[in-house]
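Residue numbers (our numbering), protein chains in the order written: chain A, 86 to 173; chain B, 5 to 136. Built from N, CA and C at the ideal position, the CB exists for glycine as well. Treat the numbers as computed from the prediction; the structure is a model and nothing was measured.
Take a look at the structure:
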């Protein structure tokens, strides 16, 4: 079963901004943005997240703990850390 | 096809060819092209004089300025200039985190730049003092 992340397009754009600053994995943000590119509303959408992207998130937490999820809102941070537990 | 010929005339023959390469200047080819396109180009230029009314040109420009003023940074009494600063990575992280926290607390226009501007303002007022 593929892990899923529920988020809005605004949250996805914010993750892209974070990725630009080095606070979030680039490939993960690009995947989410690409998946939500067809949507332009405020509703949350479910995005399937491949395991290798979750691994890159885990890798960031280990390698760059100071940058890891900086500027990500607490509720989204909780959803992302919950994803990590699926592959730990 | 017709549009391409007209645009070539407008740009004086300097345009990329259909394969994306710049075409060389060929007088005979130009002459031949002029023969076929001249009447069309002339007819394309004919509607230009009535469009010389200045009113429709200036009105949208003013509207655009107003829209930019509403959408962009808040108006200040002073001119804004773009300045590049070199920060330590941890300082950038701190500013981004602070701006993010402020936005979460409802200050929607908070950004690292806004924080720096406010900091300089406080320094000017003497509210914040430097240690040296």
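According to the DSSP assignment, residue 159(A) belongs to the alpha helix (DSSP H) that extends over 159 to 170.
Contact annotation: the stretch 100 to 118 of chain A does not touch the stretch 107 to 127 of chain B, with fewer than three C-beta pairs closer than 8 Å. Residue 119(B) holds the alpha-carbon nearest to the alpha-carbon of residue 101(B) among 133(B), 86(B), 129(B) and 119(B). Contacts with chain B (Cβ-Cβ distance below 9 Å) from the stretch 133 to 162 of chain A involve 151, 152, 155, 156, 157, 158 and 159, listed in chain order.
Of all residues in the stretch 107 to 123 of chain B, those with a C-beta nearer than 7 Å to a C-beta of chain A are 108, reading in chain order.
The CB of residue 101(B) comes closer than 8 Å to the CB of 155 and 156 in chain A, given here in chain order. At a cut-off of 8 Å, the C-beta of residue 125(B) has no neighbouring C-beta in chain A.
Under the Cβ distance rule, residue 98(A) does not count among the residues neighbouring chain B, no pair being separated by less than 8 Å.
For the 8 Å CB-CB criterion, residue 87(A) and residue 124(A) do not form a contact. DSSP, reduced to helix, strand and coil, places residue 89(A) within a strand of the structure shown. Counting of Cβ neighbours within 10 angstroms places residue 99(A) among the buried residues, the total reaching 16 or more.
Around the C-beta of residue 110(A), 16 or more other C-beta atoms lie within 10 Å, and the residue is accordingly described as buried. Residue 133(A) is bridged by DSSP to 89(A). The way I'd put it, the stretch 161 to 172 of chain A does touch the stretch 137 to 147 of chain A; three or more beta-carbon pairs between them come closer than 8 Å. Straight-line spacing of the CA atoms in residue 90(B) and residue 83(B) works out to 22 Å.
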